[in-house]
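*Asks:* Following this message is one structure expressed as structure tokens.
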């Protein structure tokens, strides 16, 4: 479904990704973790063309992301993304937030888009909030709306960029529960997160990044029991004892 081949990226003189080689199978659930500044968010932002690369190649669902607007547009039809900040339109209701893109990009009628949106709002357990505005919802509810909005585009891949890091602790569980439910449906997922409990329970593979490189990748049981690099062991020691 996704293939990185010798991908490298710079911001000016700073090299943010170094020789990234990664294959993601259809239906695979991957958690990406590592210290701040290790390139995790940049990596997943490359998958839907939010970041361009200077070297290497990325293929998503059979389409090479070479930087052309047409190819980026094609890929984005298959890829949903949920960010740290909810990025909801404050002047639109929850229902309108969820129907805008399907009506514009997928050319759904308003009735079709609203029916789809209500299905996914039920899925994330907030259909009763459909006619409210984002400011009237808690952070956890807003993030669940963001997930529903992404799902309304019927993506084959979902990307999550630290989706719980802006939330109060008591709201984290409701968002993680929503993501676990998605994972159980077989959605291809890549999630940047420090939530190691989520990684243990959901991931098929945990990828550890540091200084722009993938240092190790393994199934959760192996990753947590037998990390190979000292950097990984130090990271896990800090985060698990936090």
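In the working numbering, the protein residues as written are 14 to 255. Here a beta-carbon is modelled for each residue, glycine too, at the ideal position from N, C-alpha and C. Owing to the predicted nature of the structure, the values given are computational and were not obtained by experimental measurement.
(1) In whole angstroms, what is the alpha-carbon distance linking residue 26 and residue 95?
(2) So who's on the other strand from residue 93, going by DSSP bridges?
(3) Counting only beta-carbon separations shorter than 9 Å, does residue 99 have a partner in chain D?
(4) Considering only heavy atoms of the ligand ZN, does any lie closer than 8 Å to the CB of residue 93?
(5) Whole alpha helix (DSSP H) runs in the region 132-179 with 4 or more residues, listed along the chain?
(6) For residue 254 and residue 53, I'd like the C-alpha separation in whole angstroms.
(7) What are the boundary residues of the beta strand (DSSP E) that includes residue 106?
(8) Of all the options 125, 107 and 115, which has the alpha carbon lying nearest to the alpha carbon of residue 137?
(9) Between the C-alpha atoms of residue 191 and residue 157, what's the straight-line distance to the nearest angstrom?
(10) What first and last residue would you give for the beta strand (DSSP E) that runs through residue 230?
(11) DSSP three-state call for residue 223: helix, strand or coil?
*Replies:* Let me lay it out:
(1) On the chain shown, residue 26 is found 13 positions in, with the first residue counted as 1. On the chain shown, residue 95 is found 82 positions in, with the first residue counted as 1. Each residue's Cα considered, the two are about 29 Å apart.
(2) Locating residue 93 in the chain shown gives position 80, where the first residue counts as 1. In the DSSP output, where bridge partners are listed per residue, residue 93 has 171.
(3) Absent from the structure is chain D; it holds one protein chain and no more.
(4) The model on display carries no ligand, and the ligand ZN is accordingly not part of it.
(5) You should have 152-164.
(6) The residue given as residue 254 occupies position 241 in the chain shown. The residue given as residue 53 occupies position 40 in the chain shown. As the crow flies, the alpha-carbon of residue 254 is around 22 Å from that of residue 53.
(7) For the purposes of this step, residue 106 is identified with residue 93 of the chain shown, where counting begins at 1. Boundaries cannot be given for residue 106, as no beta strand (DSSP E) includes it and DSSP labels it neither H nor E.
(8) Within the chain shown, the letter at position 124 stands for residue 137. Between residue 137 and the set 125, 107 and 115, the nearest pair of CA atoms involves 107.
(9) Here residue 191 corresponds to residue number 178 of the chain shown, with the count starting at 1. Here residue 157 corresponds to residue number 144 of the chain shown, with the count starting at 1. One C-alpha to the other measures close to 7 Å.
(10) In the chain shown, residue 230 corresponds to position 217, counting from 1. For residue 230, the uninterrupted beta strand (DSSP E) segment begins and ends at 226-231.
(11) Numbered from 1 along the chain shown, position 210 holds the residue referred to as residue 223. Judged by DSSP in its simplified three-state form, residue 223 adopts strand.
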